[in-house]
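In what follows, a single structure is set out as structure tokens and then discussed.
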Amino acid sequence: QVYPGAQWADLLLALNTINWLGALLQTLQGPAAASELAKAARQLVVAFCCLAGDIFPKPTASATAGTVTCVAAPVTVSHVAQMLRLVLPWCQPAQQVLLQALANDEGQLVDACRALSALCSGHKVGVLEAASQAVVSSAPPCYNLGVFQILQELTKALLAAGGVSATSGPEPWLPECTEMLLECWSGLLAPQCGYAMTAVPPPAQAVECATCTAAAVVEAALADAASGAHEEAEADEDAAAGSLHQEEWMARVAVLLRADSVTSFNQLSTLLASKQQALAAAAAAAADPNEVLEQLCWLARMAAHAL
Numbered sequence: 127q128v129y130p131g132a133q134w135a136d137l138l139l140a141l142n143t144i145n146w147l148g149a150l151l152q153t154l155q156g157p158a159a160a161s162e163l164a165k166a167a168r169q170l171v172v173a174f175c176c177l178a179g180d181i182f183p184k185p186t187a188s189a190t191a192g193t194v195t196c197v198a199a200p201v202t203v204s205h206v207a208q209m210l211r212l213v214l215p216w217c218q219p220a221q222q223v224l225l226q227a228l229a230n231d232e233g234q235l236v237d238a239c240r241a242l243s244a245l246c247s248g249h250k251v252g253v254l255e256a257a258s259q260a261v262v263s264s265a266p267p268c269y270n271l272g273v274f275q276i277l278q279e280l281t282k283a284l285l286a287a288g289g290v291s292a293t294s295g296p297e298p299w300l301p302e303c304t305e306m307l308l309e310c311w312s313g314l315l316a317p318q319c320g321y322a323m324t325a326v327p328p329p330a331q332a333v334e335c336a337t338c339t340a341a342a343v344v345e346a347a348l349a350d351a352a353s354g355a356h357e358e359a360e361a362d363e364d365a366a367a368g369s370l371h372q373e374e375w376m377a378r379v380a381v382l383l384r385a386d387s388v389t390s391f392n393q394l395s396t397l398l399a400s401k402q403q404a405l406a407a408a409a410a411a412a413a414d415p416n417e418v419l420e421q422l423c424w425l426a427r428m429a430a431h432a433l
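Using this note's numbering, you'd call the opening residue of the sequence shown number 127 and step up by one each time.
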């Protein structure tokens with residue numbers, strides 16, 4: 127994040143400061159998106175997404191139906207909406223963007239993940255929701271998905287392509303982008319406090335999209351655990367580093383699982399019972415139990431993080 131201070135607000139948050147950048151990016155489509163000029167323009171967008179702190183006005187208190195909540199300043203919502211208008215076209219439709227990235231043109235997708243990660247960590251979920259609604263209301267029909275839906279579709283596409291594992295993924299940027307998207311979800315779903323420190327639940331659509339994403343993460347991670355059962359053991363130092371990274375990764379996934387704890391915990395419980403039955407069946411048939419054991423181990427660790 128970048129914290130320039132309140133004295134920079136009039137310059138950096140003014141609409142005409144960024145309008146030219148949007149116009150420039152409009153001309154850098156197709157093959158031109160891989161040009162050095164396009165890369166530099168996207169990096170500038172990412173830098174604007176990283177703005178945080180006192181440059182944005184403090185939220186104000188608002189009383190509705192006896193509940194006092196914090197309302198973000200219009201200039202904050204306007205800035206985030208402007209950033210989403212620039213960034214969201216880089217990552218939808220998710221499958222098409224992924225195929226383009228896998229064809230050795232991943233720069234735009236990586237920059238999109240960086241920008242979204244910065245926005246989600248620098249602003250409360252209510253700001254993202256309001257900004258997303260503003261974008262959708264003025265977007266053409268082909269870009270009518272909100273930011274939560276786009277994050278869900280993009281995360282699921284990266285997981286299906288192998289983004290859950292740094293070792294089995296076809297491209298090194300795949301797990302990096304997947305982790306950045308998990309960081310987005312962690313930022314969006316982190317406990318929020320409103321006026322007088324009252325708890326503010328995430329928007330219903332954010333919870334719904336997070337729960338669907340959590341199920342996809344679990345499915346992909348179990349497939350990766352099964353494939354890892356036949357890999358050679360790592361050296362002690364590499365294994366320790368890998369274990370620490372896995373713990374951090376699971377901590378992010380746990381935030382997703384807790385978005386709708388009833389649904390997600392039921393899923394984990396069902397999977398644990400299913401894998402226990404599969405392990406008993408493998409033992410009875412004298413079959414190789416390694417894949418099921420790895421999956422059971424992963425589920426047990428994940429359940430502990432979620433709890």
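Beta carbons: idealized from backbone N, C-alpha and C, even for Gly.
Nearest-angstrom beta carbon gap, residue j and residue i [assumed within contact, 8 Å]
i, j, result
"residue 129", "residue 167", "The pair is not a contact, with the Cβ atoms about 23 Å apart (cut-off 8 Å)."
"residue 328", "residue 307", "Not confirmed; about 16 Å, so no contact."
"residue 262", "residue 272", "6 Å"
"residue 170", "residue 147", "6 Å"
"residue 277", "residue 311", "7 Å"
"residue 247", "residue 309", "7 Å"
"residue 429", "residue 394", "5 Å"
Nearest-angstrom Cα separation, counted from residue j out to residue i
i, j, result
"residue 426", "residue 234", "37 Å"
"residue 323", "residue 316", "Model confidence at residue 323 stands at a pLDDT of 48, short of 50, so the residue's coordinates are unreliable and nothing is read from them."
"residue 414", "residue 386", "35 Å"
"residue 182", "residue 136", "10 Å"
"residue 139", "residue 206", "10 Å"
"residue 186", "residue 202", "12 Å"
"residue 419", "residue 405", "7 Å"
"residue 409", "residue 422", "14 Å"
"residue 348", "residue 372", "13 Å"
"residue 290", "residue 236", "16 Å"
"residue 319", "residue 165", "Any answer about residue 319 is weak, because its pLDDT of 49 lies below 50 and its placement is not dependable; what the coordinates show is given next. Those two C-alpha atoms are separated by around 37 Å."
"residue 388", "residue 407", "29 Å"
"residue 367", "residue 150", "In this prediction, residue 367 scores a pLDDT of 47, lower than 50, which makes its location untrustworthy; no coordinate-derived value is stated."
"residue 377", "residue 431", "6 Å"
"residue 208", "residue 196", "21 Å"
"residue 257", "residue 204", "7 Å"
"residue 134", "residue 244", "19 Å"
"residue 416", "residue 399", "17 Å"
"residue 335", "residue 279", "9 Å"
"residue 239", "residue 339", "16 Å"
"residue 321", "residue 231", "Note on residue 321: pLDDT 45, under 50, position unreliable in the model; the coordinate value appears next. Residue 321 and residue 231: Cα-Cα distance of roughly 45 Å."
"residue 143", "residue 172", "15 Å"
"residue 198", "residue 184", "7 Å"
"residue 218", "residue 375", "25 Å"
"residue 296", "residue 288", "7 Å"
"residue 403", "residue 424", "16 Å"
"residue 275", "residue 381", "17 Å"
"residue 220", "residue 283", "7 Å"
Bounding residues of the alpha helix (DSSP H) (the contiguous stretch that carries residue i)
i, result
"residue 401", "387-410"
"residue 276", "273-286"
"residue 313", "299-315"
"residue 131", "No alpha helix (DSSP H) holds residue 131; DSSP gives it neither H nor E."
"residue 261", "251-264"
"residue 232", "That residue, residue 232, is in no alpha helix (DSSP H); it is neither H nor E in DSSP."
"residue 145", "141-153"
"residue 344", "330-354"
Three-way DSSP call (helix, strand, coil) for residue i in this model
i, result
"residue 322", "Its pLDDT being 44, under 50, residue 322 is placed unreliably by the model, and the measurement read from it follows with that caveat. In the structure shown, residue 322 sits in a helix (DSSP, three-state: H, G or I)."
"residue 239", "helix"
"residue 382", "helix"
"residue 212", "helix"
"residue 425", "helix"
"residue 197", "strand"
"residue 177", "strand"
The ligand HEM heavy atom lying under 7 Å from the CB of residue i
i, result
"residue 162", "No copy of the ligand HEM occurs in the structure displayed, which carries no ligand at all."
Test: residue i CB closer than 8 Å to a CB of chain B
i, result
"residue 260", "Protein chains in the displayed structure number just one, and chain B is not present."
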